[in-house]
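Residue numbering for the sequence shown follows UniProt numbering, beginning at 1 and increasing consecutively. C-beta: ideal position from N, C-alpha, C; glycine also. Everything numeric in this text was worked out from a predicted model, so none of it was measured. Report on one structure; see the data block that follows.
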Amino acid sequence: MSKSNLLLELYSNLSTTGALTFSSKALVNKMLTYTDIEHAKLIVELGGGDGSISQGIIERLSPEGELLIFEINQSFCHSMRKQFPQANIKIICDSAENIDKYLGGRKADYIVSSLPFIILPKLVTDKILIKSRDALAPKGKMVIMTYSYHLKKLFKKFFSHMEVKFTFRNLPPAFVMICH
Ligand SMILES: C[S@@+](CC[C@H](N)C(=O)[O-])C[C@H]1O[C@@H](n2cnc3c(N)ncnc32)[C@H](O)[C@@H]1O
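Okay, structure coming up:
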């Protein structure tokens with residue numbers, strides 16, 4: 001799928017994508033600064049979209065590492081399956097609410113999210129955050145990009161430690177919240 005078709009898909013599904021553009025390289029780098037992907041065994045990404053964050057993760061991933069990408073949009077899933085055919089990358093065309101069904105009891109070193117929490121129904125958001133917290137390894141972290149600073153209050157209900165970072169180098173500027 002070309003970049004313009006991916007963008008068209010993003011605009012056409014605003015009620016589920018919640019964004020007008022995909023994450024910039026600078027934002028992806030900023031998010032991944034707070035991870036140690038190179039030494040991680042299992043990484044989960046929530047809301048793969050065009051694969052911009054996935055690409056950054058894959059560039060750092062060791063051959064022993066595994067990446068599971070959750071995405072509900074069929075066209076994005078199809079496009080990512082073509083873009084990332086590697087055996088250690090799995091595109092899961094299902095809601096992040098079902099994360100536990102795919103982990104089989106394994107724990108993730110990192111969960112990286114670009115989900116539009118601001119527009120997701122409260123029950124769905126709560127379910128995703130509870131299941132993500134429970135899916136993290138003891139030293140694991142959830143790294144969330146969001147356009148809304150106010151979401152910090154919500155994430156604090158689920159995680160005991162939080163750091164908030166910010167970057168202007170994205171359209172719109174974005175927050176990166178590191179939760180554990
Ligand atoms: C803001 S876009 C982010 C896309 C890309 N990762 C980026 O950073 O540019 C959010 C993505 O989350 C997906 N999404 C929304 N709700 C979801 C859910 N419950 N489970 C999995 N993916 C979801 C949307 O289809 C969309 O592709």
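{"Query": "Residue from Y147, D50, N170 and I178 with nearest C-alpha to Y11", "Result": "D50"}
{"Query": "Distance between I69 and S45 (C-alpha atoms, nearest Å)", "Result": "Looking at the sequence itself, residue 45 is Glu, so the reference to Ser does not match. When rounded, the distance between both Cα atoms is 5 Å."}
{"Query": "Every unbroken beta strand (DSSP E) within the UniProt domain \"Methyltransferase small\" (22 to 164), with a cutoff of 3 residues, ordered by chain", "Result": "42 to 46, 66 to 70, 89 to 92, 108 to 113 and 136 to 146"}
{"Query": "Buried or exposed (CB count within 10 angstroms, at least 16 for buried), L67", "Result": "buried"}
{"Query": "At least three beta-carbon pairs within less than 8 Å, the stretch 129 to 146 to the stretch 99 to 113", "Result": "yes"}
{"Query": "For T35 and V143, believed in contact at Cβ under 8 Å, the rounded distance", "Result": "6 Å"}
{"Query": "L8 burial status per 10 Å Cβ neighbour count (16 or more: buried)", "Result": "exposed"}
{"Query": "Per-residue burial, E59 [other beta carbons within 10 Å of its own, 16 or more giving buried]", "Result": "exposed"}
{"Query": "Nonlocal neighbours in the same chain, by C-beta distance under 7 Å from A108, ignoring five residues either side", "Result": "L42, I43, V44, A135, L136, A137 and G140"}
{"Query": "Nearest to C179 (by Cα), restricted to the options S113, S2, D94 and T16", "Result": "S113"}
{"Query": "Between the CA atoms of K25 and V176 - distance to the nearest angstrom", "Result": "14 Å"}
{"Query": "Option in Q86, P172 and C77 with minimal Cα separation from Y149", "Result": "P172"}
{"Query": "Between the CA atoms of I99 and K30 - distance to the nearest angstrom", "Result": "25 Å"}
{"Query": "Expected contact under 8 Å - CB spacing of F84 and S54 to nearest Å", "Result": "6 Å"}
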